[in-house]
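Enquirer:
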Amino acid sequence: MEDIEFILDSTKESMAGSIAHLEKEFLNIRAGKATPQMLGSVFVDYYGSQTPLSQVANVSIPDARTITIQPYEKSMLQTIEKAIMIANLGFNPMNNGENIIISVPPLTEERRRDLVKQAKGEAEDAKISIRNARKDANTDIKKLEKDGTSEDLCKKAEDDIQKLTDSFIRKVDEHLATKEAEIMKV
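Just so we're aligned: 149 in numbering that gives the first Met the number 0 is position 150 of the sequence shown, and the numbers increase by one with no gaps anywhere.
(1) Is it buried or exposed for residue 70, if we count other Cβ within 10 angstroms and need 16 for buried?
(2) How far does the beta strand (DSSP E) with residue 49 in it extend, from its first residue to its last?
(3) Can you grab the Cα-Cα spacing for the pair residue 60 / residue 150, in whole Å?
(4) Go ahead and label residue 105 buried or exposed: buried means 16 or more other beta carbons lie within 10 angstroms of its beta carbon, across all protein chains shown.
(5) If you check the beta carbons only, do residue 10 and residue 163 fall under 8 Å apart?
(6) Nearest to residue 97 by alpha carbon, out of 56, 87, 82 and 119?
(7) Identify whether residue 5 lies in helix, strand or coil by the three-state DSSP scheme.
(8) Please state whether the Cβ-Cβ distance between residue 171 and residue 132 is less than 8 Å.
(9) According to DSSP, which residues form a beta bridge with residue 56?
(10) Could you spell out the range, first to last residue, of the beta strand (DSSP E) harbouring residue 102?
(11) At what residues does the alpha helix (DSSP H) containing residue 124 begin and finish?
(12) Helix, strand or coil for residue 105 per DSSP?
(13) Can you tell me whether residue 176 is buried or exposed, with buried defined as 16 or more other CB within 10 angstroms of its CB?
(14) I'd like to know if residue 81 contacts chain D, where contact means its C-beta is closer than 8 Å to some C-beta of that chain.
(15) Of the choices 76, 161 and 184, whose alpha-carbon is the least far from that of residue 7?
The following block contains the structure:
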């Protein structure tokens, strides 16, 4: 019985990890509104090592369409500007000698559809991860059954795992629907 509880707990933890990863990936998919996470993939060459932008500059959002980057060292302005261009995010940074200002262009209908496809891909990856957790748990339960755990207990555990899987897949679908609505909202 204790083994089954352990399997259920670790499966639930693994599935929750899939949801957390999905939420993190959704933050990287922009929905037309400027956020500091948009620059999360930007790494700056800081004295020979690749450093995340957030560690060499202050990133702020003065309004919904603008990102302002103020480097901690003025000498980093050109390096940061180059790093943003290299990251290929579709932004055109402007350097005013003090800060770097990025105007976030409104999304076109085609770009919105591409972002929805990307979101659906991330959601599908999360579902696959959840199903893999279910498969691993069911394999572990089958081993317990071979080792002498009662068939009824194992059958109930498999049912519990299926219910867990269904509830986490529903959560993925809810997150996707929310993100899709956010992306398509003009």
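Every residue gets a Cβ at the ideal spot worked out from N, C-alpha and C, and that includes glycine.
Expert: Concretely, from the data shown:
(1) Reading the sequence shown from its first residue, position 71 is the one you call residue 70. Per the 10 Å Cβ criterion, buried.
(2) Within the sequence shown, the letter at position 50 stands for residue 49. First-last of the beta strand (DSSP E) with residue 49: 48-51.
(3) For the purposes of this step, residue 60 is taken as residue 61 along the sequence shown, with counting starting at 1. For the purposes of this step, residue 150 is taken as residue 151 along the sequence shown, with counting starting at 1. Approximately 58 Å, taken between the alpha carbons.
(4) By one-based count along the sequence shown, residue 105 stands at place 106. The residue is exposed, with fewer than 16 neighbouring Cβ atoms inside 10 Å.
(5) For this step, residue 10 is matched to residue 11 along the sequence shown. For this step, residue 163 is matched to residue 164 along the sequence shown. Yes.
(6) Within the sequence shown, residue 97 is the residue found at index 98, counting from 1. Ranking 56, 87, 82 and 119 by Cα distance to residue 97 puts 56 first.
(7) Locating residue 5 in the sequence shown gives position 6, counting from the first residue. Of the three classes helix, strand and coil, the one that applies to residue 5 here is helix, per DSSP.
(8) As a working mapping, residue 171 is identified with position 172 in the sequence shown. As a working mapping, residue 132 is identified with position 133 in the sequence shown. Not in contact: residue 171 and residue 132 (Cβ atoms no closer than 8 Å).
(9) Here residue 56 corresponds to residue number 57 of the sequence shown, with the count starting at 1. 70, per the DSSP bridge assignment.
(10) Residue 102 sits at position 103 when you count from the first residue of the sequence shown. That run of the beta strand (DSSP E) goes 99-102.
(11) In the sequence shown, residue 124 corresponds to position 125, counting from 1. 108-145 is the extent of the alpha helix (DSSP H) around residue 124.
(12) As a position in the sequence shown, residue 105 is number 106, starting the count at 1. Three-state result, residue 105: coil.
(13) In the sequence shown, residue 176 corresponds to position 177, counting from 1. Label assigned to residue 176: exposed.
(14) This model lacks chain D altogether, as it is built from one protein chain only.
(15) Within the sequence shown, residue 7 is the residue found at index 8, counting from 1. Considering only alpha carbons, the answer is 161.
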